[in-house]
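To start, the structure itself, in structure tokens.
Residue numbers (the numbering used here), protein chains in the order written: chain A, 1 to 571; chain B, 572 to 936; chain C, 937 to 1277.
Laid out in structure tokens, this is it:
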């Protein structure tokens, strides 16, 4: 018993520490989350019902926002747009997921790899590429079409609702693909075998067993693709505005032009917020607690369906989709990035690296934007992972009462569209005492808030792989909580933290919908510079910058998959 | 002398569910005490209260004369000088066997020069010599379990806590490890608390067993005591098979059971007539023989110490080393399970005589 | 330190002389203070590459002050300056947009510093200055241009109203008055001449591609995405000079003249650097850069490219700042209504 006879003096200290630290930690976390999540939402709600000047509440903002046909139109456009993107994403993503997970189609690894590339490609770059490819008069595809057929018109006009839906879906279908393939690989083989024994043919099994089992996942994917389109700014701004129509996000942005009608914008944003909240709620209900995560697919136990010669048709279809999503657009961007002048056409003399030199070394705004973007993404990812790692830890280990409240707050921003968040932040931080507007820190607050859910989900998932017993074993042997955390949790949790960091860092590099309302000339980011260069028709510079952005993204994904194991963003 | 005293411990999760309620146990110095009970009985909660991972809502835990736990004042696990073996082994996958086993030494101020010797001894104790440089991923489940055991023992803990340590092993290995744990305990003489839901495991390993149910202790005693003299109907039913009859005391030592059976018991004197009681009769304490029994059905034959009934076999099951019979007692609605020798066998429908010594009819609460 | 005292006297003297709103180009005290400030931030609606060229030329002079360019559309610049002023932020030093009504707004809100660049008294008379608060830096007519590979000279439109001909359906590009000051000025000038909004209503029937910047139509026309475009003459001229197949039309009804003014903000964080930079913008070297790219400038010491037509040969439509200020809201609203964005 001698080893247990430590003094009693230290005991009181420990007790006090426990008593005092817990509420303090909780309060601090809750306060940070409240500032990040609750404050901008509350301010947004208040802004929507207040007059620009003077006291009292009013419905005038809502009347202004929804009383006129020109502002109601975008609501309908957004719904048509988002629903169509959801449907098209399912049409593309679900069959591809089935082919890759459940059949003997060749080239599955290639399909997965390029679907990952589509997943991390920002749709505003896809839109840029398709303007080059499918502009009605000068788009490469339409030029080719006219040359081959001798026709007068255009095969496909990208400046249209159809074009917008098409381009967006090419970069949202991976969401459906991910969720569906996860569900399909998790379906136990015996459920299907039981149906075969009972007399169902292969097609009947597909129809009556496989599909219904995967249906919640497919519908969940539909909802996420729908939401992504609903809150998207870049692609609609590039394709819808030239085609002379607005969607809700571009309309919110238009309300910010001089004279800015922030109050009307806030009122106008309400349906966006409500739809997002409602759909995410439905999606959670549908998919249980498995929310917006990048689930790594497990190999299915069921023997693959033999497609016979059709497996080549399946591969051709997948390759076709990926050519449209990755092949052609990357080619178009590369070609524009390497072109001396767009009008000069095809020739070796028209090839140059000047555009890269220009955006990297000559054009001031890109240089500062690149620095800003890297700084923002680094700080955002680091702080998000630090905060969310701590909260996920506390929530999972049940160290604090009410940790669930923290977890809820941390995942709530999932339902806040970026552009809506920005209205709240603009209102909150564009005047003293908290004057963040005009610095990159207001954008930082937006990114941090926007990516809290990703950081939380990733940290939570990573922590789940570290069994609590592993830590407790160290504690019993004499390590205090911090030492146990250092000796056991961190080494085991480390890889998970790095992937969480990257999962925040990568989207931060390309964020546009929040940044577009918050940037100033002093605080530009790469995505905003790409967009403003696009507005001036400088495709060469846009493409060069876009290629750099894509190159960095794909490089990081490849390095992460190499060193963090194949599960990182493995689709 | 009590090494550890759990005094009126209560622990609640949520508002009204008490995982442990008013629990008092004295753990003796050097003994291996099992906490035995079905899942949800509070045994793991009790263990985690002892370890200090949980703080009690009421009650105290004392280690000798040192108070470890009280509501609002809990010594953290790392300052209790204990060791623990986890259900999941909790062997750290990023550390070698040697690193795992010696981890606790630096916190117990063991000079580094002693580490190699301590490591050797600990690995020898669990028969893992030569595995020091392996990683856990290269070991079998049983070997990982031994690593965890060595890690727990090397620090010479004041108390060793075992949380269902064998439940993840396969049946064969589990049986072997029972004896292993007993052997190691006898070699080390460390006061040990062992949580298990497996009564056979508790029987083999323990000096004493605390049978737990619904957050409280039903009975604490040696394996023989809890088996042969169960204090409650729950203990009787949970440890081994038994015939349990509800009834009322009708006279001194005599119990009228539901169904019409009247049993003579040995310990009835503590009760007054009219008390509701239950009687536990172990099947293998029941003797069934062919041919009519002497004495009146349902009445004791000589009034001294034996119950004798006539009955009919209604089910006979062959177990290899024994027969299991279900016997309907003539003139009552009661049936009785009895264990018989494999030879000679009795047939279904056969009239039999049933004898039970009164001292094997145990009155339980 | 007598030298410092001397400098103090000189500064004082400069202040006195400054009342005459005529700062001398090489005022050593201003120069000295400007060097300490180190940089000047120029919010400019001048086309990106040209604006960059101006900044680079200024930086090459190595005056100890560097030009930091913030290029954006006129209306965005105006919005940002107003927004920043509302937030109490002083970021910009020098502001330059193509919507001259902005400077009326600035003036009414007392946001401008009184400063005339060196040599302003010798500037051509039709590039006015207003009360010494702002000066027109450059001007360009608002014109039509066409892709010479797609449209023959004979077929090319001669009048504004020719653009409503159904043969151009799907072949037009038009920039946005909510972004571009050039377009805002052009539309303000054209509306009374062409008889109001009917012209634009007819134009929308041809499904024009609506882009944001006036810099974009030349790109679209050069690349063949549009056959015909509308923007400032210099926007097209610069692209055509690079060899792209673009020809410019000065429609018969007349061409609105877009005057793009420049001013120093009263709360400029680098006021002295702003003065040095402004002097550069209006001196011969600065102005020549603009003239080379096809702009008309106030400084008469510059030489224009041979293929530029003298201004007096053109049928110019004058656009008054007051008229622009008055119609700003109407034009944005009506454009939204007709063009949908």
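The beta-carbon is built from N, C-alpha and C at its ideal position, and this holds for glycine as well.
Under a three-way DSSP split, which group does residue i fall into?
i                      : result
residue 573 (chain A)  : Since the displayed chain A opens at 1 and closes at 571, residue 573 (chain A) lies outside it and no answer follows.
residue 460 (chain A)  : helix
residue 84 (chain A)   : helix
residue 411 (chain A)  : helix
residue 1083 (chain C) : strand
residue 1051 (chain C) : coil
residue 516 (chain A)  : helix
residue 51 (chain A)   : coil
residue 612 (chain B)  : coil
residue 295 (chain A)  : With a pLDDT of 32 at residue 295 (chain A), under the threshold of 50, the predicted position of this residue should be treated as unreliable, and no value is reported.
Is residue i near residue j, with beta carbons less than 8 Å apart?
i                      : j                      : result
residue 925 (chain B)  : residue 859 (chain B)  : yes
residue 615 (chain B)  : residue 769 (chain B)  : no
residue 400 (chain A)  : residue 98 (chain A)   : no
residue 1074 (chain C) : residue 1149 (chain C) : no
residue 549 (chain A)  : residue 528 (chain A)  : no
residue 33 (chain A)   : residue 410 (chain A)  : yes
residue 150 (chain A)  : residue 156 (chain A)  : no
residue 694 (chain B)  : residue 672 (chain B)  : yes
residue 836 (chain B)  : residue 929 (chain B)  : yes
residue 88 (chain A)   : residue 169 (chain A)  : yes
residue 729 (chain B)  : residue 652 (chain B)  : yes
residue 1278 (chain C) : residue 1192 (chain C) : What is shown of chain C runs 937 to 1277, which leaves residue 1278 (chain C) out entirely.
residue 574 (chain A)  : residue 182 (chain A)  : Here chain A comprises residues numbered 1 to 571, so residue 574 (chain A) is not present and cannot be evaluated.
Run the proximity test for residue i: is its beta-carbon closer than 7 Å to any non-hydrogen atom belonging to the ligand GDP?
i                      : result
residue 1263 (chain C) : Although the ligand GDP was asked about, the structure shown includes no ligands whatsoever.
Exercise for the section: For the segment 224-257 of chain A, enumerate the residues whose C-beta is nearer than 7 Å to any C-beta of chain C, in chain order. Expected result: Listed in sequence order: 241, 242, 244, 245, 246, 257.
Practice task
May I ask you to verify whether the segment 1138-1146 of chain C touches the segment 1103-1116 of chain C, counting CB pairs closer than 8 Å and requiring at least 3?
Solution key: As far as the Cβ criterion goes, the segment 1138-1146 of chain C touches the segment 1103-1116 of chain C, which means the pair count is three or higher.
Practice task
Examine the Cβ distances between the segment 130-140 of chain A and the segment 202-213 of chain A and report whether three or more of them are shorter than 8 Å.
Solution key: The answer is no - the segment 202-213 of chain A does not touch the segment 130-140 of chain A, with fewer than three Cβ pairs under 8 Å.
Practice task
Spell out a yes or no on whether the segment 994-1004 of chain C and the segment 1199-1214 of chain C are touching, meaning 3 or more CB-CB pairs, one atom from each, closer than 8 Å.
Solution key: A contact between stretches requires three or more CB pairs, one per stretch, nearer than 8 Å, and the segment 994-1004 of chain C meets this requirement with the segment 1199-1214 of chain C.
Handout entry: Complete alpha helix (DSSP H) runs within the segment 836-918 of chain B (minimum length 4 residues, chain order)
Key = Runs of the alpha helix (DSSP H) inside the segment 836-918 of chain B: none found.
Practice task
Scan the segment 443-474 of chain A for residues whose Cβ lies nearer than 8 Å to a Cβ of chain B and list them as they occur along the chain.
Solution key: Along the segment 443-474 of chain A, the positions whose C-beta sits under 8 Å from a C-beta of chain B are 467, 469, 470, 472, 473, 474, read in chain order.
Handout entry: Within the segment 648-702 of chain B, ranges of the alpha helix (DSSP H) (whole runs, at least 4 residues)
Key = The segment 648-702 of chain B contains these whole alpha helix (DSSP H) runs: 668-673, 686-696.
Exercise for the section: Could you say if the segment 576-591 of chain B and the segment 546-560 of chain A meet the contact criterion of at least three C-beta pairs nearer than 8 Å? Expected result: No, the segment 576-591 of chain B is not in contact with the segment 546-560 of chain A.
Exercise for the section: Within the segment 1104-1142 of chain C, note down every full alpha helix (DSSP H) run reaching 4 residues or more, in order along the chain. Expected result: Runs found: 1117-1130, 1134-1140.
Practice task
Pair every Cβ in the segment 376-395 of chain A with every Cβ in the segment 446-465 of chain A, then say whether three or more of these pairs are closer than 8 Å.
Solution key: Touching, per the Cβ criterion.
Problem - Positions along the segment 486-503 of chain A whose CB lies within less than 8 Å of some CB in chain B - result: Answer set for the segment 486-503 of chain A: 487, 488, 491, 492.
Handout entry: Under 7 Å (Cβ pairs) to chain B, residues found in the segment 364-379 of chain A
Key = Along the segment 364-379 of chain A, none of the residues has a CB nearer than 7 Å to a CB of chain B.
Problem - Meets three-Cβ-pair contact criterion under 8 Å: the segment 653-660 of chain B and the segment 734-745 of chain B - result: Short answer: they touch.
Exercise for the section: Check whether the segment 785-792 of chain B touches the segment 819-837 of chain B, taking contact to mean three or more Cβ pairs, one atom from each stretch, closer than 8 Å. Expected result: Output reads no: the segment 819-837 of chain B does not touch the segment 785-792 of chain B.
Exercise for the section: Any chance you could list the beta strand (DSSP E) runs of at least 3 consecutive residues sitting entirely within the segment 1194-1219 of chain C, in chain order? Expected result: Counting only runs of 3 or more, we get nothing.
Exercise for the section: Can you give me, in chain order, the residues of the segment 655-667 of chain B that have a beta carbon less than 9 Å from any beta carbon in chain A? Expected result: Taking a C-beta cut-off of 9 Å against chain A, the contacting residues of the segment 655-667 of chain B are 655, 656, 657, 658, 659, 660, 661, 662, 663, 664, 665, 666, listed in chain order.
Practice task
Scan the segment 518-537 of chain A for residues whose Cβ lies nearer than 8 Å to a Cβ of chain C and list them as they occur along the chain.
Solution key: For the segment 518-537 of chain A, the set of positions with a beta-carbon nearer than 8 Å to some beta-carbon of chain C reads 520, 521, 522, 532, 533, 535, 536, 537 in chain order.
Handout entry: Contact between the segment 1125-1132 of chain C and the segment 1039-1050 of chain C (3+ Cβ pairs under 8 Å)
Key = Result no; under three Cβ-Cβ pairs closer than 8 Å.
Exercise for the section: Please specify which runs of the alpha helix (DSSP H), each continuous and at least 4 residues long, are wholly inside the segment 369-448 of chain A, giving them in chain order. Expected result: Correct list: 403-411, 418-429.
Exercise for the section: Identify every run of the alpha helix (DSSP H) within the segment 151-189 of chain A, keeping only runs that are complete inside it and at least 4 residues long; order them along the chain. Expected result: Runs of the alpha helix (DSSP H) inside the segment 151-189 of chain A: 161-186.
Exercise for the section: With 7 Å as the limit, tell me which residues of the segment 1142-1156 of chain C have their beta carbon closer than that to any beta carbon of chain A; keep them in chain order. Expected result: Only those residues of the segment 1142-1156 of chain C whose C-beta falls short of 7 Å from the nearest C-beta of chain A are listed: 1145, 1146, 1147, 1148, 1149, 1151, 1152, 1155, 1156.
Problem - Minimum length 4: unbroken alpha helix (DSSP H) runs contained in the segment 1008-1055 of chain C - result: DSSP runs (the alpha helix (DSSP H)) wholly in the segment 1008-1055 of chain C: 1010-1022, 1037-1044.
Problem - Stretch pair the segment 1078-1093 of chain C + the segment 1169-1184 of chain C: three plus CB contacts closer than 8 Å - result: Result yes; three or more Cβ-Cβ pairs closer than 8 Å.
Problem - Given 8 Å, three or more beta-carbon pairs between the segment 462-469 of chain A and the segment 407-427 of chain A - result: Touching, no.
Problem - Runs of alpha helix (DSSP H) wholly within the segment 1140-1200 of chain C (minimum 4 residues, chain order) - result: Entirely contained in the segment 1140-1200 of chain C, the alpha helix (DSSP H) runs reaching 4 residues are, in chain order, 1152-1159, 1169-1177.
Problem - Near-chain A residues of the segment 670-687 of chain B - C-beta to any C-beta below 7 Å - result: Hits within the stretch, in order: 674, 675, 678, 679.
Exercise for the section: Indicate whether the contact test is met: 3 or more Cβ pairs, each with one atom in the segment 504-520 of chain A and one in the segment 99-115 of chain A, closer than 8 Å. Expected result: Note that the segment 504-520 of chain A does not touch the segment 99-115 of chain A; fewer than 3 beta-carbon pairs, one per stretch, sit closer than 8 Å.
Problem - Residues of the segment 745-768 of chain B whose Cβ lies closer than 9 Å to any Cβ of chain A, in chain order - result: Residues of the segment 745-768 of chain B with a C-beta atom less than 9 Å from some C-beta of chain A are 762, listed in chain order.
Exercise for the section: Evaluate the contact criterion for the segment 324-339 of chain A versus the segment 349-363 of chain A: three or more CB pairs, one atom per stretch, below 8 Å. Expected result: Yes, the segment 324-339 of chain A is in contact with the segment 349-363 of chain A.
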